[in-house]
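Here's the structure we're looking at; comments come further down.
Residue numbers (full-length UniProt numbering): 1 to 492.
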């Protein structure tokens, strides 16, 4: 035989606000289980003879609310198992910000849970603030809210702001999305005779003294467009406008093909910013790469093939699927195991999609990669099946051989052969770099930057004497080059 838990809501205020039907049911009960006595209606109901068993002492037993809620539910289940039917009362409406109720609803079917109403504090809040939730509304738990999920363009009510500590937590969390001086409204006892609405800047939220379990914080929708510049949706709207009928002529004419070179250029500028250790510059350049992604996404949407949500959804699903050691039950104790799992999963995905096995192990290496990087990846891929030297001695012999062949081609004036032989020399150098765990692309980039610094030094020194580089001898340039090297060593 199933047991029954009837859940009644005590409303948001005093006895006058309690629905008559709920009131009649409460006064008929011999015993009402109560989540907390810290509610205006409880004292009045006690005077009318209602007997309560509250769980207030449980809050002092545990450090985490989750543990409190689990304990309450456990006691309620034990009680209903013995009695067959019990009444459980909670503040407000049982289905608004009541974690214990949600846990009870998730119980097995042998315990029947019946919700029997009650007035939510939200109606009183809407009345006090004179807002219409149809314009966009979100209710969040101040102690558990994720700042990244907040919609700044909606009416926002933050519950669970009951003391200075919780207010401080809420303040710091909201500051991740709202300006420090954003105006907030602290509403206490909404709809009751002692209702108060205080208007303060966000940074003063934890200095408000009138905080209690009847307090909630309201933030109006952001109207200043500049405050929304950090929102992804705002950026999407900007790109859509640029590509729209009244948008920018240049943006409107772009295609996937025409944008290819810009994506490559912006990527290299990101690499420059990383090498410069300039965080502000890096943030700007990453934004330029994101711009390219959004332009391609908007083109895809305009042509009816895909949109930014498709891109994000595919990426999210892929990241979860390819990280079973994080999101699943597979283990990976080090980076090497992660890479091995990744490659195995990629192959399984291709087979599942009906793709034939590649005819070559090297087919995954994009032909558009920079030559040094492509050589590095080709060699690394081939090494996985054992096509690699075990030590570096044969590599140095091979390098000498290739240099000799290059010199011979130059001596014979065979230009095409010389080009190919130089390529062989570079390919062996890449192999040596890989053996010593050096990224050849990065190594050459460092040398390019070093050359540029030293040549700039030469130009600066000549400029002090009113000279140009093409007006002095090579010997003079070499002398300045050596001085540039010396200056760099001093700086080190």
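Here a beta-carbon is modelled for each residue, glycine too, at the ideal position from N, C-alpha and C. Owing to the predicted nature of the structure, the values given are computational and were not obtained by experimental measurement.
For the region 403-491, the continuous alpha helix (DSSP H) assignments of 4+ residues that do not extend past its boundaries occur at 415-435, 440-464, 474-491, in sequence order. The straight-line gap separating the alpha-carbon atoms of residue 215 and residue 13 is approximately 12 Å. Residue 125 and residue 187 do touch by the CB rule: their CB atoms are close to 6 Å apart, below 8 Å.
Residue pairing from DSSP places residue 90 in a beta bridge opposite 9. Residue 115 holds the alpha-carbon nearest to the alpha-carbon of residue 9 among 237, 55, 115, 44. Scanning its chain for C-beta atoms nearer than 6 Å, with the 5 sequence neighbours on each side dropped, one finds around residue 52 the residues 32, 34, in chain order. Apart from the 5 residues on each side of it in sequence, residue 435 sits with its Cβ closer than 7 Å to the Cβ of 392, 395 in its chain, given in chain order.
For residue 80, the enclosing alpha helix (DSSP H) stretches over residues 65-83.
Residue 444 and residue 164 have their alpha carbons spaced roughly 57 Å apart. For residue 201, DSSP records a beta bridge to 183. In terms of CA proximity to residue 16, 191 leads the group 191, 364, 282, 328. The continuous stretches of alpha helix (DSSP H) do not include residue 96, and DSSP gives it neither H nor E. As a beta-bridge residue in DSSP terms, residue 157 pairs with 139, 218. Just measuring C-alpha positions, the residue of 43, 167, 108, 45 sitting nearest residue 73 is 108. Inter-residue distance for residue 119 and residue 177 is about 31 Å (C-alpha atoms, whole angstroms). Rounded to the nearest angstrom, the Cβ distance from residue 69 to residue 99 is 5 Å, consistent with a contact under 8 Å. In the pairwise beta carbon analysis, the region 226-234 is classified as not touching the region 250-262: fewer than three pairs are separated by under 8 Å.
Judged by their CB atoms, residue 422 and residue 399 are not nearer to each other than the 8 Å cut-off.
Secondary-structure assignment with DSSP links residue 32 through a beta bridge to 52. At the C-beta level, residue 219 and residue 184 come within 8 Å of one another. Comparing C-alpha distances from residue 456 to each of 309, 482, 441 shows the shortest one belongs to 482. For residue 113, the pairing in a beta bridge is given by DSSP as 5.
The alpha helix (DSSP H) runs of length 4 or more contained entirely in the region 203-286 are, from start to end of the chain, 232-243, 249-253, 260-276. Looking from the CA of residue 95, the closest CA among 197, 81, 113 belongs to 113.
For residue 188, the secondary structure class from DSSP, reduced to helix, strand or coil, is strand. In the three-state reduction of the DSSP assignment, residue 196 falls in the strand class, which pools E and B. For residue 310, the enclosing alpha helix (DSSP H) has its first and last residue at 308-321. About 24 Å separates the Cβ atoms of residue 374 and residue 345, ruling out a contact at the 8 Å cut-off. By the beta-carbon neighbour count (other beta carbons within 10 angstroms, threshold 16), residue 211 is buried.
By the neighbour-count criterion, in which a residue is buried when 16 or more other Cβ atoms sit within 10 angstroms of its Cβ, residue 474 is exposed.
Separation of residue 11 and residue 104 (C-alpha to C-alpha, rounded to the nearest whole angstrom) is 19 Å.
Between residue 87 and the set 155, 24, 66, 198, the nearest pair of CA atoms involves 24. Taking C-beta atoms as the reference points, residue 133 and residue 169 fail to come closer than 8 Å.
Exposure of residue 448 is indicated by the presence of fewer than 16 other C-beta atoms within 10 angstroms of its C-beta. One alpha carbon belongs to residue 159, the other to residue 303, and they sit about 44 Å apart. Minimum Cα-Cα distance from residue 387 among the listed residues 59, 371, 426, 431 corresponds to 431.
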